[in-house]
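First the structure, in the form of structure tokens, and then the observations on it.
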Amino acid sequence: MSAGPVVNPSAAPVRAPEPRRATGGRPVRRTDRVREALRRALPALGLYASARLLGLAMMAGWAWSTGRHPRTLLGHSWDGIWYAGIARNGYGLVLPSPTSRGVIFNDLAFFPLFPGLVHTVTTLTPFGVVSAQLVVSWSSAVAAAWGIYAVGERLYGRRTGTWLVLLWGLLPHAIVQTMGYTESLMTALAAWSLYAAVTRRPVWAGALSLVAGLSRPNAVAVAAALICATALVLWRDPLARADRRLWAGAALAPLGWTGYVLWAGIRSGDGPLGYFAVQRRWGSRFDFGADAFRFVRHLFTGRDFMAYYASLAILVVALVALVLFVLERPPALLLAYVVVLCVIAVGGSSYFASKPRFLIPAFPLLLPLALGMARARPRTAVVAVGALAGLSFVYGTYLVTIARIPM
Numbered sequence: 001m002s003a004g005p006v007v008n009p010s011a012a013p014v015r016a017p018e019p020r021r022a023t024g025g026r027p028v029r030r031t032d033r034v035r036e037a038l039r040r041a042l043p044a045l046g047l048y049a050s051a052r053l054l055g056l057a058m059m060a061g062w063a064w065s066t067g068r069h070p071r072t073l074l075g076h077s078w079d080g081i082w083y084a085g086i087a088r089n090g091y092g093l094v095l096p097s098p099t100s101r102g103v104i105f106n107d108l109a110f111f112p113l114f115p116g117l118v119h120t121v122t123t124l125t126p127f128g129v130v131s132a133q134l135v136v137s138w139s140s141a142v143a144a145a146w147g148i149y150a151v152g153e154r155l156y157g158r159r160t161g162t163w164l165v166l167l168w169g170l171l172p173h174a175i176v177q178t179m180g181y182t183e184s185l186m187t188a189l190a191a192w193s194l195y196a197a198v199t200r201r202p203v204w205a206g207a208l209s210l211v212a213g214l215s216r217p218n219a220v221a222v223a224a225a226l227i228c229a230t231a232l233v234l235w236r237d238p239l240a241r242a243d244r245r246l247w248a249g250a251a252l253a254p255l256g257w258t259g260y261v262l263w264a265g266i267r268s269g270d271g272p273l274g275y276f277a278v279q280r281r282w283g284s285r286f287d288f289g290a291d292a293f294r295f296v297r298h299l300f301t302g303r304d305f306m307a308y309y310a311s312l313a314i315l316v317v318a319l320v321a322l323v324l325f326v327l328e329r330p331p332a333l334l335l336a337y338v339v340v341l342c343v344i345a346v347g348g349s350s351y352f353a354s355k356p357r358f359l360i361p362a363f364p365l366l367l368p369l370a371l372g373m374a375r376a377r378p379r380t381a382v383v384a385v386g387a388l389a390g391l392s393f394v395y396g397t398y399l400v401t402i403a404r405i406p407m
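According to UniProt numbering, the sequence shown is numbered sequentially starting from 1.
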């Protein structure tokens with residue numbers, strides 16, 4: 001694909017790599033480029049896999065010691081139960097909440113890509129739904145780690161890209177990356193969409209954003225970032241307006257998210273915007289953080305589960321990371337992406353303990369720390385990794401096996 005105007009303007013413009021030439025002057029085949037990219041990413045993927053396997057081993061050991069099966073905890077808990085139901089039976093389940101008056105659970109709140117992939121796996125393999133959910137989630141986690149590395153390497157070099165992947169795998173909520181949830185799938189599609197944008201492939205970026213929009217409600221952040229970055233390019237460079245690929249990429253980007261929201265609204269019987277009514281009946285709406293503020297005040301004046309206090313601490317750290325990220329003067333594309341994710345996470349009502357999970361796809365927030373770790377002394381890096389790993393493994397085990405609140 002030929003080089004065109006850069007889709008993600010930044011203080012430090014990103015230049016697309018020139019294709020290498022093979023012997024005889026012929027361009028290197030695409031498969032060779034993919035193989036070389038994978039070879040460069042393997043150390044980061046190995047570190048990521050090691051981190052997640054150790055975390056899973058700790059969780060599994062604790063689960064077995066309490067008489068529970070880790071596969072069930074990972075693949076059939078909370079939202080995973082709803083995704084399993086959609087994968088088996090399609091949409092159509094509506095249930096009143098047994099504990100909250102006026103709350104009605106409707107499976108249309110869940111986007112279709114993950115259960116659709118799970119259904120495909122169960123059709124093509126002997127796996128049951130729960131195992132298939134883990135297959136899709138774990139495969140997505142590896143794809144996400146590779147995409148995160150690709151973005152980090154492209155913008156800041158291999159060392160920073162490797163740290164970015166490892167830090168993502170050591171998040172306090174990293175256990176979710178290998179559960180029957182959609183965060184890993186969205187992160188994979190988002191990361192590769194962003195990578196396509198920074199390497200001047202706007203149509204690919206838009207197409208991946210379209211697919212990402214079918215994965216989760218907050219995947220709208222990918223489309224918003226691409227559209228904002230494209231608009232900035234068109235405003236800064238009038239010549240770019242002749243590039244049809246830019247327009248096509250921006251037009252494709254929101255179609256997946258918009259298409260499902262409209263379909264779900266019509267299916268619910270509340271009209272094209274009925275999806276938001278479905279969310280309100282779940283007790284979830286965007287209120288600019290008013291409900292979150294009230295809940296934080298409750299945490300200071302009363303007492304509640306430890307997971308809520310941990311979630312508050314993670315949100316505070318995330319907001320600090322956002323400030324540090326802005327100070328790094330990142331590409332506008334990445335900045336728009338993380339800002340939209342943070343606004344959705346903080347501004348949404350209810351489900352306070354789920355807010356850190358909503359930020360799992362916001363991997364660019366880890367860039368300031370990744371840059372610092374890339375420059376740190378080996379001893380400092382080892383101590384930091386040990387501390388982060390201990391926190392991630394213990395907290396992940398607590399969330400899955402002990403905590404009694406939705407993640």
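Even glycine gets a Cβ: it sits at the ideal position worked out from N, Cα and C.
With 16 other Cβ atoms within 10 Å as the buried cut-off, status of residue 316: exposed
Residue 94 beta carbon less than 8 Å from that of residue 104: yes
Whether residue 226 touches residue 260 by CB criterion (8 Å): no
Simplified DSSP assignment, three categories, for residue 103: coil
Cβ pair residue 54, residue 366 closer than 8 Å: no
Residue 396 (DSSP reduced to helix, strand or coil): helix
Cβ-based burial, residue 327 [other Cβ within 10 Å; buried from 16]: exposed
Run of the alpha helix (DSSP H) containing residue 121, from where it starts to where it stops: 113 to 124
Under 8 Å between C-beta atoms of residue 240 and residue 195: no
Inter-residue spacing [alpha-carbon to alpha-carbon] between residue 278 and residue 112: 15 Å
Check whether residue 222 and residue 212 have beta carbons under 8 Å apart: yes
Proximal residues to residue 58 (C-beta, below 6 Å), its chain only, five neighbours per side dropped: 393 and 397
Limits of the beta strand (DSSP E) - the one that residue 96 falls within: 94 to 96
Heavy atom of the ligand FAD within 7 Å of residue 278 beta-carbon: Only the bare structure without any ligand can be found here, which leaves the ligand FAD out of the picture.
Closest Cα partner of residue 363 within the set 246, 146 and 267: 146
Length of the line joining the Cα atoms of residue 361 and residue 96: 30 Å
Residue 172 classed as buried or exposed, judged by whether at least 16 other C-beta atoms fall within 10 angstroms: buried
Within 8 Å, strictly: CB atoms of residue 322 and residue 296: no
Minimum C-alpha distance to residue 232 - residue among 332, 62, 120 and 370: 332
Inter-residue Cα distance where the pair is residue 63 and residue 101: 33 Å
Beta-carbon gap between residue 308 and residue 352 smaller than 8 Å: yes
6 Å CB neighbourhood of residue 41 in its chain, flanking five on each side removed: 146 and 149
DSSP state of residue 348 mapped onto helix, strand, coil: strand
Three-state secondary structure (DSSP) of residue 363: helix
Helix, strand or coil at residue 406 [DSSP, three-state]: coil
Minimum length 4: unbroken alpha helix (DSSP H) runs contained in the stretch 145 to 204: 158 to 169 and 183 to 198
Same chain, Cβ closer than 7 Å to residue 247, five either side skipped, listed in chain order: none
Inter-residue spacing [alpha-carbon to alpha-carbon] between residue 69 and residue 174: 19 Å
Three or more C-beta pairs below 8 Å linking the stretch 342 to 352 and the stretch 369 to 389: no
Residue closest to residue 185, alpha-carbon to alpha-carbon, out of 271, 122, 115 and 127: 115
Cα-Cα separation, residue 120 to residue 88: 10 Å
Residue of 75, 155 and 198 minimising C-alpha distance to residue 127: 75
6 Å Cβ shell around residue 301 - same chain, five flanking residues per side excluded: none
Under the three-state DSSP convention, the category residue 286 falls into: strand
Start and end residues, alpha helix (DSSP H) containing residue 249: 244 to 252
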